[in-house]
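K.L.:
In this note's numbering, the protein residues as written are 9 to 229. All C-beta atoms, glycine included, are put in the ideal place defined by N, C-alpha and C. As the structure is a prediction and not an experimental result, all values here were calculated from the model.
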Amino acid sequence: MTGLARASERLDGAVRDRLPVEFLGAIDFHGHLCPGLTIGYRAASIAMERLGVARGSDEELVGIVETDACGIDAFQHLTGCTLGKGDLIFRDHGKQVFTLVRRADGAGVRVALRGDALGSDPERTRLKARVMSGEATDDERAAYQRGSTDHVLELLELPDERFGAISTVQVQLPPKAGSFPSVVCAVCGESVMEPRARVRDGAPCCIPCSTRYGRGWEINV
Ligand SMILES: [Zn+2]
Ligand SMILES: [Zn+2]
Numbered sequence: 009m010t011g012l013a014r015a016s017e018r019l020d021g022a023v024r025d026r027l028p029v030e031f032l033g034a035i036d037f038h039g040h041l042c043p044g045l046t047i048g049y050r051a052a053s054i055a056m057e058r059l060g061v062a063r064g065s066d067e068e069l070v071g072i073v074e075t076d077a078c079g080i081d082a083f084q085h086l087t088g089c090t091l092g093k094g095d096l097i098f099r100d101h102g103k104q105v106f107t108l109v110r111r112a113d114g115a116g117v118r119v120a121l122r123g124d125a126l127g128s129d130p131e132r133t134r135l136k137a138r139v140m141s142g143e144a145t146d147d148e149r150a151a152y153q154r155g156s157t158d159h160v161l162e163l164l165e166l167p168d169e170r171f172g173a174i175s176t177v178q179v180q181l182p183p184k185a186g187s188f189p190s191v192v193c194a195v196c197g198e199s200v201m202e203p204r205a206r207v208r209d210g211a212p213c214c215i216p217c218s219t220r221y222g223r224g225w226e227i228n229v
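(1) Are the segment 45-57 and the segment 146-156 touching, with three or more C-beta to C-beta distances below 8 Å?
(2) Applying the 10 Å Cβ sphere with the 16-neighbour rule, what's the burial state of Leu34?
(3) Report, in whole angstroms, the separation of the C-beta atoms of Ile97 and Gly71, which I expect to be a contact under 8 Å.
(4) Please state whether DSSP places Pro212 in a helix, a strand or coil.
(5) What would DSSP say about Thr46, mapped onto helix, strand or coil?
(6) In three-state DSSP terms, what is Ser5?
(7) Between which residues of its own chain and Leu27 is the CB-CB distance below 6 Å, once the five residues before and five after are set aside?
(8) Taking the CB atoms as reference points, tell me whether Phe37 and His101 lie closer together than 8 Å.
(9) Which residue's Cα is closest to the Cα of Val61: Gly21, Val117 and Glu74?
(10) Just mark Asp22 as buried or exposed, buried being the case when its beta carbon has 16 or more other beta carbons within 10 Å.
(11) I'd like the span of the alpha helix (DSSP H) that includes Phe171, first residue to last.
(12) In chain order, what residues have a CB nearer than 7 Å to some heavy atom of ligand 1?
(13) Nearest by alpha-carbon distance to Arg134: which of Leu126, Leu121, Ala13 and Glu148 is it?
(14) With DSSP as the reference, label Ser187 as helix, strand or coil.
(15) Does the Cβ-Cβ distance between Phe68 and Arg111 come in under 8 Å?
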């Protein structure tokens, strides 16, 4: 049955008791507890509090995330802005920056993780490298896991201002996403949304097919 248990239920009870209830839902959605998820949880909580919006309020919100790491799962869970609904904008900047915007007036709060918020613990870094290499012993793996949980708890307790650079922003949002017609890719025969289509030999084609046509650097996919 353990395979079916929610990720939050698999946590050590003493750890689970120290975690905010809304965070437990994010852990279930993400599938595990990790420092990265905690970053998104903190960023979303700070942004919602500063913007004065509660989870599940019918205030229309738009999220802008500049990372595709673990944290965006917590951000989506807490704010309700999701990629699928079209109210989450992903900018592939590789930065731990999360912005929450009220659609009605474009008022937003931007939270950028501080460079020193994660601290620097050489032992944690060493254990992580061992685990990532796949060569860690069981003891090292357990020590890494304990360190990771400690790290989560540290991040949860960090004062807002030490966690992130927080600013109020005014954002010009794009209009709500409409639906677009599809065209059929002349190479693979699959449908592609027209604004994403490319042209090859004068005929529409999809991005994957178009990347095999050209000098190789035009599109990064
Ligand atoms: Zn994670
Ligand atoms: Zn194609």
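P.N.:
Judging by the given coordinates:
(1) no
(2) Here residue 34 refers to the residue found at position 26 when the sequence shown is read from its first residue. One point to set straight first is that residue 34 is Ala, not Leu, in the sequence displayed. Ala34 should be labelled buried.
(3) Along the sequence shown, read from residue 1 onward, the residue named residue 97 stands at position 89. Along the sequence shown, read from residue 1 onward, the residue named residue 71 stands at position 63. That pair is a contact at about 7 Å.
(4) The residue labelled residue 212 in the question sits at position 204 within the sequence shown. In the structure shown, Pro212 sits in a strand (DSSP, three-state: E or B).
(5) Counting from 1 along the sequence shown, the entry for residue 46 is found at position 38. The answer is helix: DSSP assigns Thr46 an H, G or I state.
(6) Here the chain has residues from 9 to 229 only, and residue 5 is not among them.
(7) In the sequence shown, residue 27 corresponds to position 19, counting from 1. Closer than 6 Å at Cβ, skipping near neighbours: no residue.
(8) Walking along the sequence shown from the start, residue 37 turns up at place 29. Walking along the sequence shown from the start, residue 101 turns up at place 93. No; because the gap between Cβ atoms is not below 8 Å, this pair is not in contact.
(9) Residue mapping note: residue 61 aligns to position 53 of the sequence shown, counting from 1. The shortest C-alpha separation from Val61 is found at Val117.
(10) The sequence position of residue 22 within the sequence shown is 14, counting from 1. The question names Asp, but residue 22 is Ala in the sequence shown. Flag for Ala22 reads exposed.
(11) For the purposes of this step, residue 171 is taken as residue 163 along the sequence shown, with counting starting at 1. Residues Asp168 to Phe171.
(12) His38, His40, Cys42, Gly44, Leu45 and Cys78
(13) Along the sequence shown, one-based indexing puts residue 134 at 126. The option with the nearest alpha carbon to Arg134 is Glu148.
(14) On the sequence shown, position 179 is the one that residue 187 refers to. Note: Ser187 maps to coil in three-state DSSP.
(15) Within the sequence shown, the letter at position 60 stands for residue 68. Within the sequence shown, the letter at position 103 stands for residue 111. In the sequence as displayed, the identity of residue 68 is Glu instead of Phe. Yes, they are a contact pair.
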